[in-house]
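First residue of the sequence shown? That's 1 in this note's numbering, and the numbers climb one at a time after it.
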Amino acid sequence: MKKSATDKRILITAGSSWVALDKVRIIGNTASGKTGLILAEKLKNSGAKVTLLLGPGEFSNVRIPGVKTISFRYFPELKSLLSREIKKKAYSAVIHAAAVSDYRPGKAIPYKVSSQLNRWKIILVPTEKLIDSLKKYSPGLIAVGFKFEPDAKKAKLLEEGASLLKRSNLDMVVANSSRNGAYQAYILD
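Here it is in structure tokens:
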């Protein structure tokens with residue numbers, strides 16, 4: 001029997017993610033979470049059961065009635081939540097719109113670094129690509145990713161989107177840009 005729209009469960013990630021520099025300082029990004037909130041509301045209104053993993057950002061305190069929202073702040077929290085939720089195998093699709101931290105300090109500092117230092121050298125190393133694991137957790141999952149390149153022209157957006165689509169074994173990628181203050185997006189499948 002074919003499932004109706006009301007039987008679909010959708011997991012959405014949205015907002016920023018942080019990595020700790022020391023006990024009180026972070027590296028973050030400027031993602032607001034707005035795209036994920038818009039998607040969550042539209043999908044809920046179409047009858048889907050939506051769970052939203054929402055990171056820090058301008059809209060991090062917004063709640064949509066009827067959408068289960070789980071907040072996170074740090075990269076490890078998002079990684080754990082994403083893994084836990086997808087491994088339940090209860091979702092038809094994941095829309096991974098969160099702006100995940102690409103780098104973290106190579107050495108964890110479990111205390112507050114003094115503000116009296118003249119210089120603080122931090123070596124950053126890449127974080128793992130969470131989007132690469134979506135299909136590994138649940139092979140039948142429909143997986144949608146976002147590739148944001150703020151100043152990219154169309155050709156570069158399409159190239160980057162196609163690369164992400166292939167590398168991460170996704171079903172769809174939204175390659176988007178805010179070049180010259182105008183939003184543009186291309187959907188690749």
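Idealized CB from N, CA, C, for every residue including glycine.
(request) State buried or exposed for tryptophan 120, treating a residue as buried only when at least 16 other CB atoms are found within 10 Å of its CB. (result) Tryptophan 120 should be labelled exposed.
(message) Using a Cβ distance threshold of 8 Å, determine whether the stretch 102-115 contacts the stretch 42-52, with at least three qualifying pairs required.
(response) Three or more beta-carbon pairs separated by less than 8 Å are not found between the stretch 102-115 and the stretch 42-52, which leaves the two stretches without contact.
(message) Cutting at 7 Å between CB atoms, please list the residues of its own chain near glycine 57, excluding the five before and the five after it.
(response) So the list reads Gly15, Ser16, Ala31, Ser32, Gly33, once near-sequence residues are dropped.
(request) Give the secondary structure of glycine 181 by DSSP, where H, G and I count as helix, E and B as strand, and everything else as coil. (result) Helix, per DSSP.
(message) Please return the same chain residues whose Cβ sits closer than 6 Å to the Cβ of glutamine 184, not counting the five positions on each side in sequence.
(response) If we look at glutamine 184 and ignore the five residues flanking it on each side, its Cβ neighbours are Ser177.
(request) Going by DSSP, name the residue or residues bridged to proline 105. (result) Answer is Leu124, bridged to proline 105.
(message) Could you compute how far the alpha carbon of alanine 40 sits from the alpha carbon of leucine 21?
(response) Their Cα atoms are separated by approximately 31 Å.
(message) Per the DSSP calculation, lysine 68 is bridged to which residue(s)?
(response) Answer is Thr51, bridged to lysine 68.
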